[in-house]
Amino acid sequence: MPDLQNRPTLSKHVWIIYILTFLLLLCVWYYQWIVGLIMTIVFAASFYYSIRTERVLLDEAEEYISTISHRVKKVGSEALLEMPFGIILYNDNYQIEWSNPFMNQFKTSKDTIIGESLNNLSEDLIPMILENRNEIWVEIGDYTFLCVIKKEEKLLYFLDRTEHQNLKDRYYNEQTVLAIIFLDNYEEITQNMDDTAKSQLNSQVTAVLNSWSSHYGLYLKRTSQERFLAVGNIEILQELEKVKFSILDEVREMGGSESNPVTLSIGVGVGNMTLPEIGEVAQSSLDLALGRGGDQVAIKDENGKVRFYGGKTNPMEKRTRVRARVISHALKELVRASDNVMIMGHKSPDMDAIGAAIGVLNIAKTNNVPGYIVFDENDVETGVSKLMNHIRKDEELWDQFISPDEAEELMTDQQSLLIVVDTHKPNMVAVESLLNYTDYKIVIDHHRRAEEFIDNPTLVYMEPYASSTAELVTELLEYQPKGTKLKVLEATALLAGIIVDTKSFTLRTGSRTFDAASYLRSQGADTVLVQRLLKEDLSVFVERSHIIERAQIYNDHIAIAKAPSGKAYSPVLIAQAADTLLTMEGISASFVISERSDGRVGISARSLGDVNVQVIMEEMNGGGHLTNAATQMENKTIDEAEEILVEIIDELEYKKGRDSE
């Protein structure tokens, strides 16, 4: 092959040599003409040969260049038409002006895609071009493409990444998922069964779960009489979520008594973690599901985000006091190991929070440990002001109510024990900063567990079946050493907390509730004083009536009342309005919306159980029970809050109707 790069330079040298040779030849002719004649003949022959060779090289070069040019054109043409990726040229109207044959496989009714809009290929293309994106991922037909955008040239390259995406999806879908399945009330259901009935129930439960796991491709292993371990992957989990974990309904309808059916709680751990970490997340999810009352699924990922399914039934009352006795003993040991005990409820405490705090204070006194109730006098609702007036008259009891500043001074020692009652959310406690002053924290609450929870509590006693926190604390008191007896006012405060939260023993009331009330009555609780504490002012009654008269019926069975704008109402008052609306004929759920003194909009929700108001309020960043819930919304008007509420109700009722079909 000729050296085309060096040839022009060599030609110049040849000409210089011949010129010099010719000059030398003239000199030879001058001195020796015979030698000059001979040299002239040689020079002429050499010159002729050089000219001939030069022409041959030029001809070969031209032929080579012509051949290469032809091959390049041919390869370029074939590459444009046959290469395994797409090329599209579009015009100013985002219509396809030209495409290579690869893209014709995505044609619609025409023989070619030329002339069609880019929207026909993907609705994402034009918006991404307008955003000056250089690369985007698009799906066209069964293909996944990486689309390279050359906006100035109005050119699009479609690089096939289908196999890459399939591998990526497969990697994601096959990530391990661990689920811990727990029979919520197995002990309560089987305690009075004979061995034959218990064996039949076990076989029935196992058969249903084995059929379910086989259908979805799960590996299922029973680890104890009331606990199973399931292993699957994300693809299986997505299928289970599509059917809203229908296994909950299957097991609930399977057996048990009508008043106490068999129910499941499932904790699921998922994410890009090690297997031990996924197991810990699954156990944490199960604790969360049980803390919310059971009969539901909690799914938690590595980021701590939680999704819930189920929770359609009221939590069943436990029939055993073993847990209460164990918790009471553990509480006694923690109290005795502490220098002092700080007790606090939630912001704007109600009767239940105050009564429970007083009950825990008595536990501290019984174990001879100083106890204090953290109380902010500037954050008192009208509903508890009468109780606080009676407490102020009891100097010994009132001296143990301290301000948040005093509490911080007393909690400088790490041996202080902080007990939180009637809430478990950090942002709802009376003084959130106190949570950072000690490593020893106890939570006693009767609400369903929410995603937010106090960090690293030493002991947690959460029983959503309970009517009130006062009921739980009363049971704990019964298992404490015989020490300081409850004063009449202390017992009355606990009883008032139970009566308020049960609406005078009409809602969420079990046999344990009456047992606790009976114990408090034996300790001297004054029922007449309770009635005096619960009396309301005529002005409050009138205000509540004004809200109720503004109620409107939605979907024939839901009452929604909006308080007048421009006026703040207390949470207690709107809760009472919601309770009153629920007593009306044909109303299965009630929602009352009003402005609050803190500038937010509050919603109080009540139901008889047919409507799960907890789920509705959780969608609005609130929480509570299936029949009793609430939320507060920032930067919203009453009308905007109502619009959001109605949208959520419609969505949930639509899903409920679709599931029933």
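The opening position of the sequence shown corresponds to residue 2 in the working numbering, with each subsequent residue numbered one higher. A virtual CB, placed ideally from N, CA and C, is assigned to each residue, including glycine.
Nearest-angstrom Cα separation, counted from residue j out to residue i
{"i": "residue 339", "j": "residue 190", "result": "39 Å"}
{"i": "residue 561", "j": "residue 274", "result": "45 Å"}
{"i": "residue 593", "j": "residue 610", "result": "17 Å"}
{"i": "residue 175", "j": "residue 241", "result": "15 Å"}
{"i": "residue 179", "j": "residue 329", "result": "33 Å"}
{"i": "residue 366", "j": "residue 336", "result": "10 Å"}
{"i": "residue 405", "j": "residue 377", "result": "7 Å"}
{"i": "residue 99", "j": "residue 654", "result": "51 Å"}
{"i": "residue 289", "j": "residue 453", "result": "10 Å"}
{"i": "residue 613", "j": "residue 525", "result": "38 Å"}
{"i": "residue 42", "j": "residue 63", "result": "32 Å"}
{"i": "residue 30", "j": "residue 57", "result": "33 Å"}
{"i": "residue 360", "j": "residue 519", "result": "15 Å"}
{"i": "residue 568", "j": "residue 643", "result": "17 Å"}
{"i": "residue 187", "j": "residue 447", "result": "21 Å"}
{"i": "residue 649", "j": "residue 150", "result": "41 Å"}
{"i": "residue 130", "j": "residue 92", "result": "12 Å"}
{"i": "residue 19", "j": "residue 153", "result": "55 Å"}
{"i": "residue 21", "j": "residue 61", "result": "29 Å"}
{"i": "residue 570", "j": "residue 540", "result": "13 Å"}
Short Cβ contact (7 Å threshold) for residue i with residue j
{"i": "residue 493", "j": "residue 531", "result": "yes"}
{"i": "residue 470", "j": "residue 538", "result": "no"}
{"i": "residue 476", "j": "residue 358", "result": "no"}
{"i": "residue 116", "j": "residue 103", "result": "no"}
{"i": "residue 521", "j": "residue 495", "result": "yes"}
{"i": "residue 583", "j": "residue 607", "result": "yes"}
{"i": "residue 442", "j": "residue 427", "result": "no"}
{"i": "residue 266", "j": "residue 159", "result": "no"}
{"i": "residue 96", "j": "residue 67", "result": "no"}
{"i": "residue 449", "j": "residue 293", "result": "yes"}
{"i": "residue 141", "j": "residue 122", "result": "yes"}
{"i": "residue 420", "j": "residue 355", "result": "no"}
{"i": "residue 371", "j": "residue 390", "result": "no"}
{"i": "residue 298", "j": "residue 246", "result": "yes"}
{"i": "residue 282", "j": "residue 301", "result": "yes"}
{"i": "residue 455", "j": "residue 473", "result": "no"}
{"i": "residue 352", "j": "residue 385", "result": "yes"}
{"i": "residue 382", "j": "residue 349", "result": "yes"}
{"i": "residue 579", "j": "residue 589", "result": "no"}
Local Cβ density within 10 Å of residue i, reported as buried at 16 or more and exposed below that
{"i": "residue 146", "result": "buried"}
{"i": "residue 198", "result": "exposed"}
{"i": "residue 4", "result": "In this prediction, residue 4 scores a pLDDT of 47, lower than 50, which makes its location untrustworthy; no coordinate-derived value is stated."}
{"i": "residue 113", "result": "exposed"}
{"i": "residue 599", "result": "exposed"}
{"i": "residue 295", "result": "buried"}
{"i": "residue 17", "result": "exposed"}
{"i": "residue 513", "result": "buried"}
{"i": "residue 45", "result": "exposed"}
{"i": "residue 163", "result": "exposed"}
{"i": "residue 167", "result": "exposed"}
{"i": "residue 632", "result": "buried"}
{"i": "residue 510", "result": "buried"}
{"i": "residue 587", "result": "exposed"}
{"i": "residue 507", "result": "exposed"}
{"i": "residue 238", "result": "buried"}
{"i": "residue 545", "result": "buried"}
{"i": "residue 368", "result": "buried"}
Residue i, DSSP secondary structure in three states
{"i": "residue 64", "result": "helix"}
{"i": "residue 320", "result": "Residue confidence is low: residue 320 scores 45 on pLDDT, short of 50, so the model does not pin down where it sits. Its coordinate-derived value is still stated next. Looking at residue 320 - three-state DSSP - the assignment turns out to be coil, as it is neither helix nor strand."}
{"i": "residue 629", "result": "strand"}
{"i": "residue 124", "result": "coil"}
{"i": "residue 27", "result": "helix"}
{"i": "residue 303", "result": "coil"}
{"i": "residue 309", "result": "strand"}
{"i": "residue 139", "result": "strand"}
{"i": "residue 326", "result": "helix"}
{"i": "residue 234", "result": "strand"}
{"i": "residue 592", "result": "strand"}
{"i": "residue 563", "result": "strand"}
Beta carbon proximity, residue i to chain B, threshold 7 Å
{"i": "residue 201", "result": "Among the chains in the structure shown there is no chain B, since it carries only a single protein chain."}
(request) Please specify which runs of the alpha helix (DSSP H), each continuous and at least 4 residues long, are wholly inside the region 238–299, giving them in chain order. (result) 248–253, 276–292
(message) In chain order, what are the residue ranges of uninterrupted beta strand (DSSP E) at least 3 long that sit wholly in the region 444–490?
(response) 460–463
(request) Starting from the N-terminal side, write out each stretch of the beta strand (DSSP E) that is 3 residues or longer and does not extend beyond the region 146–199. (result) Scanning the region 146–199 from its first residue to its last, the whole beta strand (DSSP E) runs of 3-plus residues come out as 156–161, 177–184.
(request) Taking only runs that begin and end inside the region 353–439, name each unbroken beta strand (DSSP E) of 3 or more residues, in chain order. (result) Runs found: 372–375, 418–422.
(request) Note down, one range per segment and in chain order, each alpha helix (DSSP H) of at least 4 residues found wholly within the region 515–541. (result) 528–535
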